[in-house]
Amino acid sequence: MAAIRCTPVRPGTRLTSTRGDRGMSTGFEPQLRDVVTAPERRAEYLADGRWDDAHISRRLSEAAARYPDKVAVVDLEGSRSHTYAQLDADATKVAGNLRQAGFQRGDVATVQLPNWYETVAIDLGILRAGGVLNPVLPIYRYHELHHVLNAGNVIVLFTPDIYRDFDHAALAASLREEVGSLNHTVVVPDPTADPGEFRDWLDEAPAGDDEVDLEASDVSELIFTSGTEAAPKAVMHTEQTANFSARAAATSLGLTDSDIVWMPSPIGHSTGFNYGVRLAVYHGLSLVLQDQWDPAVATRLIESHRCSYAVAATTFVSDLTAQADADGSDLSSLRLFGSGGATVPPEVVESAEQVGMNVLRLYGSTEVLVATWNRPHSPAVKRQNTDGCVLDGLEVKVVGEDGAPTVGIEGEILVRGPNTCVGFFDDLERVASTFDDDGWVRSGDLGVIDADGYLTVVGRKKEIIIRGGLNIAPREIEEMLLQLPAVEQVAVVGLPDDRLGEIACACVVTPDDDLTLDALVSYMKSLGAAAYKLPERFVRVESIPMTLTGKVQKFELVRSIQEGSL
6 MAAIRCTPVR
16 PGTRLTSTRG
26 DRGMSTGFEP
36 QLRDVVTAPE
46 RRAEYLADGR
56 WDDAHISRRL
66 SEAAARYPDK
76 VAVVDLEGSR
86 SHTYAQLDAD
96 ATKVAGNLRQ
106 AGFQRGDVAT
116 VQLPNWYETV
126 AIDLGILRAG
136 GVLNPVLPIY
146 RYHELHHVLN
156 AGNVIVLFTP
166 DIYRDFDHAA
176 LAASLREEVG
186 SLNHTVVVPD
196 PTADPGEFRD
206 WLDEAPAGDD
216 EVDLEASDVS
226 ELIFTSGTEA
236 APKAVMHTEQ
246 TANFSARAAA
256 TSLGLTDSDI
266 VWMPSPIGHS
276 TGFNYGVRLA
286 VYHGLSLVLQ
296 DQWDPAVATR
306 LIESHRCSYA
316 VAATTFVSDL
326 TAQADADGSD
336 LSSLRLFGSG
346 GATVPPEVVE
356 SAEQVGMNVL
366 RLYGSTEVLV
376 ATWNRPHSPA
386 VKRQNTDGCV
396 LDGLEVKVVG
406 EDGAPTVGIE
416 GEILVRGPNT
426 CVGFFDDLER
436 VASTFDDDGW
446 VRSGDLGVID
456 ADGYLTVVGR
466 KKEIIIRGGL
476 NIAPREIEEM
486 LLQLPAVEQV
496 AVVGLPDDRL
506 GEIACACVVT
516 PDDDLTLDAL
526 VSYMKSLGAA
536 AYKLPERFVR
546 VESIPMTLTG
556 KVQKFELVRS
566 IQEGSL
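Take this note's numbering: the last position of the sequence shown gets the number 571, and nothing is skipped along the way.
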């Protein structure tokens with residue numbers, strides 16, 4: 006039986022693969038390992054049941070055995086549904102095809118696909134093959150994807166053909182020539198155009214393929230942060246850390262097997278995958294996927310499927326509330342709507358409640374997943390004004406400059422528990438700067454814990470811009486713009502935005518009186534930057550304010566812009 010087929014990667018073609026002349030797996034499993042958890046802490050988590058040997062692949066098989074005909078995934082705006090029996094079988098076929106192509110336990114596979122059923126089957130198939138899943142956003146372009154593939158030592162890339170007018174297949178072909186580890190690219194056709202093509206590839210899987218020994222302690226997710234540093238961090242999670250988070254969310258929120266998950270967040274992101282796909286499969290719930298954001302489609306999906314749980318950024322909440330206000334949609338089934346990643350103003354929570362949604366603010370990160378979450382029974386004043394209390398089974402504290410825990414006083418947020426990542430791939434220096442000797446993760450975020458144990462995030466030590474729930478590293482934009490001859494100096498700052506939370510503003514020192522925002526944006530596009538990173542405001546400045554030691558005072562720029570002096 007042939008491995009993944011090799012055909013031209015052009016619109017309308019069949020599933021494609023790269024040449025196999027670079028050899029098979031590079032097998033770098035020893036590098037993808039837990040470099041954080043102390044032996045005594047591991048023993049503690051195993052002894053008290055916070056970690057176990059459950060692998061998501063096994064949970065999928067168990068769900069398929071218990072209720073084979075239960076709907077597992079709904080996609081394409083509600084027009085397709087797939088049972089747990091079908092999902093289980095398809096994940097096995099994906100795994101078989103991967104193994105036949107030389108994919109081995111510990112290899113990394115990047116999945117850059119939309120919120121389709123095919124994506125879910127591929128994600129779970131990679132994990133069933135013993136691989137490490139690296140989900141990335143479909144909006145990534147050359148600049149971001151090249152870094153991920155190289156830094157992650159990726160073996161296989163799954164990508165769309167043409168998606169939202171962008172030729173992903175052509176990009177994959179060019180990257181295939183540049184990334185030494187990349188043995189295969191698989192171009193997945195648009196299921197609305199030719200759903201049978203993916204099915205044909207699945208059916209090429211070898212029958213009776215031997216299963217891989219799966220260990221819950223293996224690294225199974227390699228997730229790059231969406232810009233918290235100029236070079237995104239490659240965060241490693243195991244089945245144990247990720248599955249604990251899925252269990253903690255369910256028990257803390259009171260999820261039952263009758264709950265319906267609605268996921269508008271991209272499953273090519275930690276939030277969408279772990280709190281959509283993983284959580285649903287782990288607990289045997291039905292998952293309703295929404296691909297391209299349209300609040301009118303969202304209200305229809307929620308109403309028709311009686312969706313009860315979701316996690317999404319503030320923008321989704323605001324748009325959904327406005328849509329329900331306009332058309333009178335019944336959103337009362339949505340009793341657990343977790344929202345975070347950007348500021349969630351109290352008025353947004355209150356307005357959502359008026360149209361029937363129960364919005365529960367939360368706090369988390371790629372490194373620790375969700376750490377605090379408001380509960381359905383939390384008082385209204387807490388739901389509207391705080392980011393919740395700690396999830397069952399983990400620890401959160403706020404410390405002052407002296408490292409001592411504080412209550413009611415602003416300090417840095419630290420998190421410890423069976424939910425935290427097990428390190429950063431190939432970056433022990435970052436591990437040392439992020440984890441203290443007792444296993445606490447230094448978040449770099451500032452917060453206050455009140456007397457009732459509720460956390461409120463008040464700021465960030467880092468100068469990250471959070472636009473619609475996605476992180477933008479100002480330094481990355483600055484480094485791009487400084488390549489433009491007309492830009493002498495630049496500082497990128499975040500400005501408040503009613504809908505997106507924040508937008509990027511480029512403050513530029515330039516001798517060119519004709520320089521415009523359009524010119525900056527066009528230049529960044531030419532470098533392959535993703536659309537969400539593009540500046541949305543341009544301010545011409547005579548100089549960049551700095552301290553005597555040369556540190557840029559971005560707060561001065563923000564204040565001047567808000568006061569109208571710039």
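Backbone N, C-alpha and C define an ideal beta-carbon position, used for all residues, glycine too.
Terminal residues of the alpha helix (DSSP H) in which Ser531 lies: Leu522 to Ser531
Identify which residue in Gly408, Leu294, His242 and Gln389 has its Cα closest to the Cα of Glu123. Checked all of Gly408, Leu294, His242 and Gln389; the closest Cα to Glu123 is Leu294.
Can you give the Cα-Cα distance for Ala43 and Phe560, rounded to whole angstroms? 40 Å
Residues near Cys312 by beta carbon distance below 8 Å, same chain, minus five either side: Cβ within range, chain order: Ile265, Val266, Trp267, Val293, Leu306, Ser338 and Leu339.
Among Ala509, Ala456, Gly458 and Ser275, which one has its Cα closest to the Cα of Ala478? The option with the nearest alpha carbon to Ala478 is Ala509.
According to the neighbour-count rule (16 or more other Cβ atoms, all chains shown, within 10 Å of its Cβ), is Ser263 buried or exposed? exposed
Pull up the distance between the alpha-carbon of Val125 and that of Glu216, whole angstroms please. 19 Å
If you count every other CB in all the chains shown that lies within 10 Å of the CB of Leu118, and 16 or more means buried, which is it? buried
Take Ala251 and list the residues in its own chain whose beta-carbon comes closer than 6 Å to its own, dropping the five residues that flank it on each side. Within its own chain, the residues whose Cβ lies closer than 6 Å to the Cβ of Ala251, once the five positions on either side in sequence are excluded, are Arg283, Leu284 and Tyr287, listed in chain order.
Within the same chain, show all residues whose beta-carbon is closer than 6 Å to that of Tyr528, passing over the 5 residues directly before and after it, in chain order. Leu489
Inspect the CB distances between the stretch 542-553 and the stretch 160-168 and report whether three or more fall short of 8 Å. no
Considering just the uninterrupted stretch of the beta strand (DSSP E) at Arg542, what are its terminal residues? Arg542 to Arg545
Taking all protein chains shown into account, decide if Asp58 is buried (16 or more other Cβ within 10 angstroms of its Cβ) or exposed. exposed
Classify Arg366: buried if its beta carbon has 16 or more other beta carbons within 10 angstroms, exposed otherwise. buried
Contact defined as beta carbons within less than 8 Å: I believe Phe203 pairs with Val193. What is the distance between those atoms, to the nearest angstrom? The distance from the Cβ of Phe203 to that of Val193 is about 6 Å, consistent with a contact at the 8 Å cut-off.
Bridge partner(s) assigned by DSSP for Pro516: Its beta-bridge partners do not exist; DSSP assigns none.
Quickly, what does DSSP pair Leu419 with across the bridge? List them, please. Lys402 and Arg447
Leaving out the 5 sequence neighbours to the left and right, which residues in its chain are closer than 7 Å to Glu355 when beta-carbon positions are compared? Gln389
Taking the alpha helix (DSSP H) that Phe430 falls in, what are its first and last residues? In the DSSP assignment, Phe430 falls outside any alpha helix (DSSP H) and carries neither an H nor an E.
Just grab the DSSP bridge partners of His242 for me. Bridge partners of His242: Glu226.
Helix or strand or just coil, what does DSSP make of Val282? helix
Within the continuous beta strand (DSSP E) that includes Val161, where are the two ends? Val161 to Pro165
When the distance is taken between beta carbons, is Ser225 closer than 8 Å to Ala254? no
Here's the rule I'm using: 16 or more other beta-carbon atoms within 10 Å means buried, otherwise exposed. How should Thr261 be labelled? exposed
Of all the options Val427, Leu522 and Lys402, which has the alpha carbon lying nearest to the alpha carbon of Asp450? Looking at Val427, Leu522 and Lys402, the one whose alpha-carbon comes closest to that of Asp450 is Lys402.
Kindly provide the ranges of any alpha helix (DSSP H) runs that are 4 or more residues long and lie completely inside the stretch 32-72, ordered along the chain. 44-52 and 61-71
By DSSP's criteria, Gly506 is part of a beta bridge. Which residues make up the other side? Asp502
Measure the C-alpha to C-alpha separation of Met241 and Leu227 and round it to an integer number of angstroms. Met241 and Leu227 have their alpha carbons spaced roughly 5 Å apart.
Going by C-alpha to C-alpha distance, which of Pro200, Asp170, Ala318 and Leu150 sits closest to Thr178? In the sequence as presented, Thr is not what sits at residue 178; that position holds Ala. Nearest C-alpha to Ala178: Leu150.
Which same chain residues end up closer than 8 Å to Thr31 when comparing Cβ atoms and leaving out the 5 residues on each side of it in sequence? Its pLDDT being 45, under 50, Thr31 is placed unreliably by the model, and nothing is read from it.
Cβ atoms of Arg447 and Leu487: under 8 Å apart, would you say? no
Classify Ala437 as buried or exposed, calling it buried when 16 or more other Cβ atoms lie within 10 Å of its own Cβ. exposed
What are the boundary residues of the beta strand (DSSP E) that includes Thr88? Arg85 to Thr88 is the span of the beta strand (DSSP E), which, as asked, contains Thr88.
Count the other CB atoms within 10 Å of the CB of Thr371; is the residue buried (16 or more) or exposed (fewer)? buried
With DSSP as the reference, label Gln567 as helix, strand or coil. helix
Just how far apart, CA to CA, sit Val358 and Leu51? For the record, residue 358 in the displayed sequence is Glu; it is not Val. Computed Cα separation, rounded: 40 Å.
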